[in-house]
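Written out below as structure tokens is the structure these notes cover.
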Amino acid sequence: MASNESERWVGGSYPDAQSLTRPEVGRLLVAMPTLGDPTFDHTVVYLVSAYDAGFQGVIINESTREDVMSAVPEWWQLAAMPRMVHRGGPCEPDLVMCLGLGRQDLELDNVVAVHDYRSQTLYRLEGDVDPAYVDGKLAGVRLFRGYAGWSFSQLEYEIAEGAWLCVPSELNDVISAQSAGLWRGVLARQQGHSAFLRSCPANPERN
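Be aware that the sequence shown starts at 0, since it is given in numbering that gives the first Met the number 0, and climbs by one per residue.
Next comes the structure, spelled out in structure tokens:
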């Protein structure tokens, strides 16, 4: 690691253009070492919705030991591998949020498009959706307990301070079977002064 890069990192200044991009639904927030919040240490958050006061997102690289069959058995057949519930965030931990991939332009009640990719769209399920209703239409459904939330000004401030790197997502990020490696993997995709962060020590709790 070059010394000048290390100085930029320790100082919390990330000169990448992407790191200063305004957060948008469908983008990723990658927790930086300067964040200083153990709740989000080494996390990757997918921004799933924007509302009047701010953003909601889910942590996509933190699987729990709770299998889908035990938690919500009706979703077992549609759940992405490995069929484990993920910790979505500290807000409303009893709430289960479902995200899944499907063809573009699906028109189904309570199935909301989050972000379009080249070949598919990521959808968010709202309310109590019967799995049979989306069977054959959504694949690789990932289930999350809880979510993370920020006001617009709070999140923009934290990004500007270097606490989060805000970058584009890719099609399989949410349903990756290797979610524990996403923090390093997403950083490795970035060019410029952020790519060196992939050599940072991993969080042992995600190994």
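Don't be surprised by glycine CBs; every beta carbon is placed ideally from N, CA and C.
Query	Result
Cβ pair Cys97, Leu124 closer than 8 Å	yes
Contact check, Tyr45 vs Leu27, beta carbons under 8 Å	yes
Segment contact, 8 Å Cβ cut-off, at least three pairs: the stretch 54 to 72 with the stretch 139 to 149	yes
Host alpha helix (DSSP H) of Met68 (start-end)	Val67 to Ala70
Residue span of the beta strand (DSSP E) that contains Tyr146, given as start and end	Leu137 to Ser150
With 16 other Cβ atoms within 10 Å as the buried cut-off, status of Met80	exposed
Cβ distance (whole Å) where Val113 is taken to contact Val47 below 8 Å	6 Å
Alpha-carbon to alpha-carbon, Trp75 and Asp134	11 Å
Inter-residue Cα distance where the pair is Pro32 and Ser168	20 Å
In DSSP terms, what Phe54 is bridged to	Ala49 and Trp149
Cβ-Cβ distance between Ser178 and Ala52 below 8 Å	no
Proximal residues to Val65 (C-beta, below 8 Å), its chain only, five neighbours per side dropped	The question names Val, yet the displayed sequence has Glu at residue 65. Closer than 8 Å at Cβ, skipping near neighbours: Met83, Val84 and Arg144.
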